[in-house]
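Peer 1: To start, I am sharing the structure in question, which I have written as structure tokens.
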Amino acid sequence: MPVIEHQQFIKAPVEVCFDLARNVDIHTQTTSKTKERAVGGVTEGLLEQGDTVTWEAIHFGIKQRLTAKVTLMEKPHKFVDIMVKGAFHSFVHTHQFIEEAGGTIMIDKFQYKSPFGLIGVVADKLFLEKYMRAFIVSRAKALKKIAENMD
């Protein structure tokens, strides 16, 4: 099971970073390259524990839908969402926020299992893990830009 971990320092309070990361509207903004949008469940505002959201996006030229559920919420330091329906066999995405002098360290930990057994493992090694890392890093940088330009 591949694990992607990314840390991003953001010059903004932990509460701001936490709320931006669980904001459906901001998620749509920070994933514009894949034309991601919420089409089911919670489609705007802040996600809370127990909420589900269905995302529609274009990945690898194919329109896909994925439903995730927020299974843990420890404001303003951590929340976890898991895939309940979608292209992966499974995934767990842990979002952690640590207060630091002058800002917040945002940590994304994305653990996933590809579908299709051995073919999925090969796809991970060839392109999927690299693609998912770039997606997570891109979103983190976009969140940083939004948080640091609020005022």
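The sequence shown: position 42 = 42 (the UniProt record's numbering), numbered continuously. Here a beta-carbon is modelled for each residue, glycine too, at the ideal position from N, C-alpha and C.
(1) Just list the alpha helix (DSSP H) runs in the region 18-46, keeping only unbroken ones of 4 residues or longer that don't cross its boundaries, in chain order.
(2) Take the Cβ of LEU47 as the centre, count every other Cβ of all protein chains shown within 10 Å, and call the residue buried at 16 or more, exposed below.
(3) List, from N- to C-terminal side, the alpha helix (DSSP H) runs of 4 residues or more that fit wholly inside the region 76-123.
(4) On the DSSP bridge list, what partners appear for GLU5?
(5) If you draw a straight line from the C-alpha of PHE110 to the C-alpha of ASN23, how long is it?
(6) Please name the residue, chosen from PHE127, ALA123, THR94, that lies closest to ALA21 on a Cα-to-Cα basis.
(7) Going by DSSP in three states, LYS11 sits in which element: helix, strand or coil?
(8) Which first and last residues belong to the beta strand (DSSP E) in which GLU74 is found?
(9) In chain order, what residues of the same chain have a beta carbon less than 6 Å from the beta carbon of ASP81, not counting five sequence neighbours either side?
(10) Along the chain, where does the beta strand (DSSP E) containing GLU48 start, and where does it finish?
(11) Does the Cβ-Cβ distance between HIS77 and GLN96 come in under 8 Å?
(12) Start and end of the alpha helix (DSSP H) containing PHE127?
(13) DSSP puts ALA57 in a beta bridge; with which residues?
(14) Measuring alpha carbon to alpha carbon, tell me which of ILE4, VAL42, PHE79, THR34 ends up nearest ILE62.
Peer 2: Looking at the atomic coordinates:
(1) Counting whole runs of 4 or more residues, the region 18-46 contains the alpha helix (DSSP H) stretches 24-30.
(2) The residue is buried, with at least 16 neighbouring Cβ atoms inside 10 Å.
(3) DSSP runs (the alpha helix (DSSP H)) wholly in the region 76-123: 117-123.
(4) Per DSSP, LYS109.
(5) Inter-residue distance for PHE110 and ASN23 is about 18 Å (C-alpha atoms, whole angstroms).
(6) Checked all of PHE127, ALA123, THR94; the closest Cα to ALA21 is THR94.
(7) If DSSP states are grouped into helix, strand and coil, LYS11 belongs with coil.
(8) Residues 62-74.
(9) Residues ALA68, VAL70, HIS93 of the same chain have their beta carbon placed closer than 6 Å to that of ASP81, with the five preceding and five following residues left out of the count.
(10) Here GLU48 belongs to no beta strand (DSSP E), and DSSP marks it neither H nor E.
(11) For the pair HIS77 and GLN96, the CB atoms are nearer than the 8 Å cut-off.
(12) Where PHE127 is concerned, there is no enclosing alpha helix (DSSP H), given that its DSSP letter is neither H nor E.
(13) DSSP output for ALA57 lists GLN64 as bridge partner(s).
(14) Ranked by how close their Cα comes to the Cα of ILE62, the residues ILE4, VAL42, PHE79, THR34 have THR34 in first place.
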